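Asker:
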């Protein structure tokens with residue numbers, strides 16, 4: 003598999019649907035990692051696009067919550083608490099004593115858990131949304147491909163945010 007100049011694996015141009023979806027999701031996960039690389043704690047906590055309070059560290063926490071929600075709660079039907087506490091359902095709120103190393107480790111653990119939960123699943127398998135969330139989507143059942151595409155979209159959107167935040171912090175663009 004080819005890589006970008008910064009080392010991210012380029013998703014295959016020809017592959018089965020599952021391999022393609024998982025490769026694009028991994029590509030976007032790697033992009034967020036790269037956006038946070040080589041920054042200090044205070045930089046990762048900087049809300050650099052006023053009036054937004056969004057930070058790179060908050061984005062990583064949010065995406066840890068997104069990973070947990072879609073793979074553990076929705077796909078596997080598990081009753082698990084929010085990753086970063088009951089008062090932080092979307093994951094964006096930062097705690098002064100929770101540093102980047104801890105946040106990144108938690109995010110990677112959520113990714114690993116999601117991979118475990120779908121490892122033996124087929125693209126015909128589905129998860130189940132709550133009645134409230136189904137009202138937005140139109141159906142309680144969501145297929146694994148739908149979940150993977152949604153996560154790709156979620157990461158891609160937030161990687162755009164991360165790109166703007168990173169540029170404002172130190173001028174680094176691209177990726």
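Residue numbers (this note's numbering): 3 to 177.
Even glycine gets a Cβ: it sits at the ideal position worked out from N, Cα and C.
These figures come from a predicted structure and were not determined experimentally.
First and last residue of the beta strand (DSSP E) that includes residue 130?
Answerer: Here residue 130 refers to the residue found at position 128 when the chain shown is read from its first residue. 128–130 is the extent of the beta strand (DSSP E) around residue 130.
Asker: Straight-line CA distance for residue 150 to residue 88?
Answerer: Within the chain shown, numbered from 1, the residue matching residue 150 stands at position 148. Within the chain shown, numbered from 1, the residue matching residue 88 stands at position 86. Going from the Cα of residue 150 to the Cα of residue 88 covers about 26 Å.
Asker: According to the neighbour-count rule (16 or more other Cβ atoms, all chains shown, within 10 Å of its Cβ), is residue 60 buried or exposed?
Answerer: By 1-based counting over the chain shown, the position of residue 60 is 58. With 16 or more other Cβ atoms within 10 Å, it is buried.
Asker: Helix, strand or coil: which one does DSSP assign to residue 33?
Answerer: The residue given as residue 33 occupies position 31 in the chain shown. DSSP places residue 33 in helix when its eight states are reduced to three.
Asker: Sorted by chain position, which residues of the same chain lie with C-beta nearer than 7 Å to residue 112's C-beta, five sequence neighbours on each side aside?
Answerer: Against the chain shown, residue 112 aligns to sequence position 110. Same-chain partners within the cutoff: 66, 69, 70, 85.
Asker: Less than 8 Å between the beta carbons of residue 143 and residue 130, yes or no?
Answerer: Locating residue 143 in the chain shown gives position 141, where the first residue counts as 1. Locating residue 130 in the chain shown gives position 128, where the first residue counts as 1. Yes.
Asker: List, from N- to C-terminal side, the beta strand (DSSP E) runs of 3 residues or more that fit wholly inside the segment 99–127.
Answerer: If we require 3 residues or more, the segment 99–127 turns out to have no beta strand (DSSP E) run fully inside it.
Asker: Could you pull out every residue in the same chain whose Cβ sits closer than 7 Å to the Cβ of residue 123, ignoring the five residues on either side in sequence?
Answerer: Taking the first residue of the chain shown as 1, we reach residue 123 at position 121. So the qualifying residues of the chain are 146.
Asker: In terms of residue numbering, what span does the beta strand (DSSP E) encompassing residue 144 cover?
Answerer: As a first step, residue 144 is located in the chain shown; it is residue number 142 there, counting from the start. Its beta strand (DSSP E) spans residues 143–145.
Asker: Identify, in the order they occur along the chain, each residue of the same chain with its Cβ nearer than 8 Å to the Cβ of residue 119, setting aside the five sequence neighbours on each side.
Answerer: By 1-based counting over the chain shown, the position of residue 119 is 117. Here the set comprises 73, 74, 77, 78.
Asker: My output table needs one value for residue 159: the three-state DSSP class, helix, strand or coil.
Answerer: Position 157 of the chain shown, counted from the first residue, corresponds to residue 159. Here residue 159 sits in helix by DSSP.
Asker: Could you tell me the distance, in whole angstroms, from the CA atom of residue 43 to the CA atom of residue 103?
Answerer: Position 41 of the chain shown holds residue 43. Position 101 of the chain shown holds residue 103. Taking the straight line from one Cα to the other gives about 9 Å.
Asker: What's the gap between the Cα of residue 12 and the Cα of residue 25?
Answerer: Along the chain shown, one-based indexing puts residue 12 at 10. Along the chain shown, one-based indexing puts residue 25 at 23. So the two alpha carbons sit approximately 8 Å from each other.
Asker: To which residues of the same chain is residue 2 closer than 6 Å at the C-beta, ignoring the five residues directly before and after it?
Answerer: This structure does not reach residue 2, given that the chain is present from 3 up to 177, and the question cannot be answered.
Asker: Measure from the C-beta of residue 170 to each C-beta in chain D and report whether the shortest distance is under 8 Å.
Answerer: No chain D appears in this structure, which consists of one protein chain only.
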